[in-house]
Amino acid sequence: MAKLFETMSIQNTMLSYLMEEQQIFRTWLVNEFCPAMRLTPPPEHPAPPTQAIPKFDNDSSSDDSSPIVPQ
């Protein structure tokens, strides 16, 4: 289960990096390239907000403990 959360965290980090890179490129395109080439800048299209993935806590694992039966 910990491997799943680790993989999801890596994917979330990569997605955040790619979104930030795209925003930097769009900023350069709108502020530098389009005015220099006298082009109409592309329409505004903000990136969606990213959601944080919960951290996996190894201490809360109940793999080694016995199940508790309600009475």
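Here the sequence shown is numbered in this note's numbering, starting from 1 and rising by one per residue.
Backbone N, C-alpha and C fix where the C-beta goes; we use that ideal spot for every residue, glycine too.
The structure presented is a predicted model; accordingly, all values stated were derived computationally and were not measured.
Can you tell me whether residue 33 sits near the ligand FMN, meaning its C-beta is under 7 Å from at least one heavy atom of the ligand?
Annotation note on the ligand FMN: not contained in the displayed structure, which lists no ligands.
Report the residue ranges of all beta strand (DSSP E) runs contained in full by the stretch 21 to 52; include only those spanning at least 3 residues, in chain order.
none
Can you grab the Cα-Cα spacing for the pair residue 1 / residue 25, in whole Å?
It is roughly 37 Å from the alpha-carbon of residue 1 to the alpha-carbon of residue 25.
In three-state DSSP terms, what is residue 14?
helix
Would you check if the distance between the CB atom of residue 27 and the CB atom of residue 34 is smaller than 8 Å?
no
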